[in-house]
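Please read the structure below before turning to the comments.
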Amino acid sequence: MAEITMIEAQKRSGRFNIYVDGHYAFPVSESVLVDFRLFKGMEVDKDLESRLAAADDVSKAYNRALDYLSNQLRTEKEVRDKLGTLEIPPETIDQTLQKLRDMSLVDDGQYAGSYVRTMMNTSDKGPRVIRQNLRQKGVGEQVIDDALKQYTPAERMTVGTAVAEKLAKRYHRQAFGTQQQKIRQGLMTRGFDSDEAGAMLESLELTPDVDEQQELLAKQGEKMWHRYRALSASERAYKTKQALYRKGFKLDDISRWLADFGESD
14 MAEITMIEAQ
24 KRSGRFNIYV
34 DGHYAFPVSE
44 SVLVDFRLFK
54 GMEVDKDLES
64 RLAAADDVSK
74 AYNRALDYLS
84 NQLRTEKEVR
94 DKLGTLEIPP
104 ETIDQTLQKL
114 RDMSLVDDGQ
124 YAGSYVRTMM
134 NTSDKGPRVI
144 RQNLRQKGVG
154 EQVIDDALKQ
164 YTPAERMTVG
174 TAVAEKLAKR
184 YHRQAFGTQQ
194 QKIRQGLMTR
204 GFDSDEAGAM
214 LESLELTPDV
224 DEQQELLAKQ
234 GEKMWHRYRA
244 LSASERAYKT
254 KQALYRKGFK
264 LDDISRWLAD
274 FGESD
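The numbering of the sequence shown is the working numbering, which starts it at 14 and goes up by one.
In structure tokens, the structure reads:
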């Protein structure tokens with residue numbers, strides 16, 4: 014049977030060359046050397062050599078994974094995808110991920126919990142967007158559900174109300190109906206559900222500035238009136254009213270403006 018005749022350290026730290034029967038046979042990492050208790054004089058058969066090669070592949074993939082994990086937490090899917098780009102065989106990736114799990118270096122539950130806390134404290138996103146982001150990172154639904162328990166209704170209300178206040182300032186020069194609609198849409202786009210968005214909007218207790226709204230209505234109305242100048246009087250009034258209603262003005266206010274504008278015109 015073949016026998017290890019020399020174990021030589023490579024210039025690369027943590028790597029060793031194994032010589033069998035006086036000839037170079039294969040390289041191994043320090044972890045493989047220790048795990049298999051390789052020593053000079055040890056007998057080596059083809060089966061052991063194959064197991065050493067597979068273990069060394071896992072060791073190399075493990076080190077590549079550690080490099081990838083060095084800057085931030087990653088999900089299992091992210092690690093699997095990264096190792097896949099390095100053309101590491103799937104079976105080696107599976108073994109590497111198991112080793113990472115055993116060492117608690119990948120843990121989707123821990124990742125999801127940390128991600129939710131970060132998003133709660135540093136972003137304006139609601140639960141739906143957070144869930145979508147975690148899904149894209151390969152986190153399972155139950156794990157996401159557990160992590161989102163941290164994002165309590167009170168926390169969501171605090172974050173969402175702050176978003177609603179910013180949106181109210183952004184759209185304050187819009188028709189009051191449009192302003193409210195855009196605030197609600199903005200909240201839902203950020204991941205809050207319809208009921209929550211309604212409650213956040215209500216909490217602002219917004220009231221229209223009558224003078225400002227009249228000014229906006231007159232400005233938009235005159236623009237629409239000019240746009241439809243080629244139509245008959247009745248059709249022109251209908252189209253103008255329709256356009257202003259779509260912009261969020263109340264029908265009563267539009268009718269009054271049209272009546273006043275018609276008289277002055």
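Beta carbons are placed, not taken as given, at the ideal position from N, Cα and C, and that holds for glycine.
Length of the line joining the Cα atoms of residue i and residue j
i	j	result
P40	T165	53 Å
G139	R203	6 Å
G173	K232	32 Å
R77	T109	10 Å
V45	Q145	40 Å
K254	R242	14 Å
E276	Q149	For E276, the predicted structure reports a pLDDT of 47, less than 50, and the residue's modelled location is therefore unreliable. A value from the coordinates is still provided. Each residue's alpha carbon lies about 60 Å from the other.
M213	R197	9 Å
I267	K90	56 Å
Y37	R93	33 Å
Y258	G151	45 Å
L175	V71	Leu is not the amino acid found at residue 175; the sequence shown has Ala there. Computed Cα separation, rounded: 49 Å.
F274	S247	14 Å
P103	L96	9 Å
L147	I157	7 Å
D121	K179	34 Å
V223	K252	24 Å
T98	F29	26 Å
Extent of the continuous beta strand (DSSP E) run through residue i
i	result
H185	Note, H185: premise wrong, no beta strand (DSSP E); not H, not E.
S245	Element bounds for S245: n/a, residue is neither H nor E.
V129	Where V129 is concerned, there is no enclosing beta strand (DSSP E), although the alpha helix (DSSP H) it sits in stretches over D121 to T135.
S42	H36 to S42
Of the listed residues the options, nearest to residue i (C-alpha basis)
i	options	result
L217	L118, Q193, L230 and A231	Q193
T131	D121, I143 and D120	I143
M237	L79, L180 and A256	A256
N84	D94, K90, M55 and L118	L118
G190	Q226, F205, E209 and V176	Q226
E62	F49, A74 and G35	F49
I279	L51, M14 and S26	Residue 279 cannot be examined here, being either before or after the span of the chain that is shown, 14 to 278.
R141	D206, G122 and G234	D206
A181	K263, A22 and E215	E215
M55	A68, V33 and S42	V33
A210	T171, K59 and E154	T171
K24	E100, E43, I157 and K263	E43
K162	M133, Y184 and R186	M133
V57	A66, E235 and E16	E16
R169	Y184, R183, G153 and L200	L200
E279	M14, Q123 and A272	Here the chain covers residues 14 to 278 and nothing more, so residue 279 does not appear.
Start-to-end residues for the alpha helix (DSSP H) that takes in residue i
i	result
I143	P140 to Q149
A67	K59 to L82
Y32	Segment R28 to V33 is the beta strand (DSSP E) holding Y32; no alpha helix (DSSP H) there.
I17	Where I17 is concerned, there is no enclosing alpha helix (DSSP H), although the beta strand (DSSP E) it sits in stretches over A15 to A22.
G234	V223 to R240
G97	E89 to T98
I106	P103 to D115
Whole-angstrom C-beta distance between residue j and residue i, which should lie under 8 Å
i	j	result
K112	Y75	6 Å
T18	K59	Between K59 and T18 the Cβ distance is about 17 Å, and since that is not below 8 Å, they are no contact.
A160	A125	4 Å
Q187	G261	7 Å
L86	S136	Contact flag wrong, Cβ pair sits at about 17 Å.
If we require 4 or more residues per run, which alpha helix (DSSP H) segments fall completely within the stretch 149–218? Inside the stretch 149–218, DSSP marks whole alpha helix (DSSP H) runs of 4 or more residues at positions 154–161, 166–183, 189–202 and 207–217, from first to last along the chain.
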